[in-house]
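Taking it in order: structure first as structure tokens, then the write-up.
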Amino acid sequence: MIGFDAMMRANSTLEDFCRSYFIFHGLDVNRPHSVFKFLPFLSFTESYIYQLDASNEDSLLLVPDNNSSSTVLERKIQGSSQMSLSDMLDPLDNLLQCQGLMTDQLGNSARCPCKHVKYSPYLIELALYFPCFRLRNELKSGIQYWSLERKLCQALSRNDKISIEDVMEAIHLKSFDYRVLNLMMYRLTGQQVNDLHMEFLSVSEFLVEICDD
């Protein structure tokens with residue numbers, strides 16, 4: 001269930017997304033029709049992500065003590081939280097499929113391949129050209145970000161050293177929701193993904209996250 005607080009938190013992100021990203025889809029944010037046509041998809045998705053973010057923040061309250069027995073407990077908590085968040089993404093994934101946002105073709109297949117099937121590295125690389133795979137991949141980036149967030153926060157709470165690589169990766173992954181919304185817009189407008197725009201926006205997102213932090 002999506003809470004009111006998650007919807008309120010998502011609102012500022014949606015406003016920023018519309019102002020900053022709509023231009024890359026040939027849309028005028030000052031025209032209400034351009035906004036409200038896609039708002040249900042964008043608002044639900046972003047609110048859902050913020051609800052999962054709140055669940056992850058709740059798990060950060062469970063920080064074990066620094067001893068051998070609690071180290072095992074910490075790993076169990078992290079594994080359980082990651083599995084829980086991944087499972088909680090399934091309803092969003094299923095909804096996007098029902099709305100036709102996860103139905104690209106792969107080869108001669110007329111439907112989007114099952115997310116539980118393991119593909120060869122070649123097919124995975126090929127699949128990156130298909131928005132539905134990229135969209136699902138970005139959703140999984142959210143799970144990776146929340147996992148890193150827990151890892152870094154728990155390390156800081158124990159005054160442990162943290163890896164600069166983990167910090168940089170977390171900063172990059174943090175904007176996964178913007179990339180999810182952007183890929184959704186390509187699907188909703190029937191356009192092919194513009195990789196040049198995606199690369200430019202990825203750098204912009206990274207710099208914005210550094211400034212915010």
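The opening residue of the sequence shown carries number 1 in full-length UniProt numbering; numbering runs sequentially from there.
We treat Cβ as the ideally placed atom computed from N, Cα and C, and that holds for glycine.
Selected residue, minimal CA-CA separation from residue 175, among 8, 7, 17 and 6
The count along the sequence shown starts at 1 and reaches residue 175 at position 175. That would be 17, whose Cα lies nearest to the Cα of residue 175.
What is the C-beta distance between residue 181 and residue 42, in whole angstroms, given that I count them as a contact (C-beta under 8 Å)?
Sequence index remark: in the sequence shown, residue 181 carries index 181 (1-based). Sequence index remark: in the sequence shown, residue 42 carries index 42 (1-based). Contact flag correct, Cβ pair sits at about 6 Å.
Examine the Cβ distances between the stretch 132-152 and the stretch 88-95 and report whether three or more of them are shorter than 8 Å.
yes
Rounded to a whole number of angstroms, what is the C-alpha to C-alpha distance between residue 282 and residue 40?
Shown here, the chain extends from 1 to 213; a query on residue 282 therefore has no answer.
Beta carbon of residue 209 nearer than 9 Å to that of residue 162:
Mapped onto the sequence shown, residue 209 falls at position 209. Mapped onto the sequence shown, residue 162 falls at position 162. No, Cβ-Cβ distance for residue 209 and residue 162 is not below 9 Å.
Beta-carbon within less than 8 Å of residue 166's beta-carbon, same chain only, minus the 5 sequence neighbours each way: which residues are those?
If you number the sequence shown from 1, residue 166 lands on position 166. Excluding positions up to five away in sequence, the list reads 148, 151 and 152.
Specify, as a first and last residue, the run of the alpha helix (DSSP H) that residue 182 falls within.
Here the question's residue 182 lines up with position 182 in the sequence shown. Segment 176-189, the alpha helix (DSSP H) holding residue 182.
Using a threshold of 9 Å, state whether the C-beta atoms of residue 89 and residue 46 are closer than that.
Residue mapping note: residue 89 aligns to position 89 of the sequence shown, counting from 1. Residue mapping note: residue 46 aligns to position 46 of the sequence shown, counting from 1. It is not a contact, given that the beta carbons lie outside the stated cut-off.
Terminal residues of the alpha helix (DSSP H) in which residue 9 lies:
Against the sequence shown, residue 9 aligns to sequence position 9. Taken as a continuous stretch (DSSP letters only), the alpha helix (DSSP H) holding residue 9 covers 4-21.
With burial defined as no fewer than 16 other Cβ atoms inside 10 Å of the residue's Cβ, what is the status of residue 3: buried or exposed?
Translated into the one-based positions of the sequence shown, residue 3 becomes position 3. It is exposed - the Cβ of residue 3 has fewer than 16 other Cβ atoms within 10 Å.
Tell me which same chain residues have a C-beta within less than 7 Å of the C-beta of residue 141, skipping the five on either side of it?
Walking along the sequence shown from the start, residue 141 turns up at place 141. The beta carbon of residue 141 is closer than 7 Å to those of 173 and 176 in its chain, skipping five residues each way along the sequence.
Simplified DSSP assignment, three categories, for residue 38
The residue labelled residue 38 in the question sits at position 38 within the sequence shown. Of the three classes helix, strand and coil, the one that applies to residue 38 here is coil, per DSSP.
I'd like to know whether the C-beta atoms of residue 188 and residue 38 end up nearer to each other than 9 Å.
Along the sequence shown, one-based indexing puts residue 188 at 188. Along the sequence shown, one-based indexing puts residue 38 at 38. For the 9 Å CB-CB criterion, residue 188 and residue 38 form a contact.
For residue 205, which residues in the same chain have their Cβ closer than 7 Å to its Cβ, ignoring the five residues on either side in sequence?
Walking along the sequence shown from the start, residue 205 turns up at place 205. Around residue 205: 175 and 178.
Give every residue of the same chain whose Cβ lies closer than 7 Å to the Cβ of residue 85, excluding the five residues on either side of it in the sequence, and list them in chain order.
Locating residue 85 in the sequence shown gives position 85, where the first residue counts as 1. Excluding sequence neighbours, residue 85 sits near 52, 55, 56, 143 and 146.
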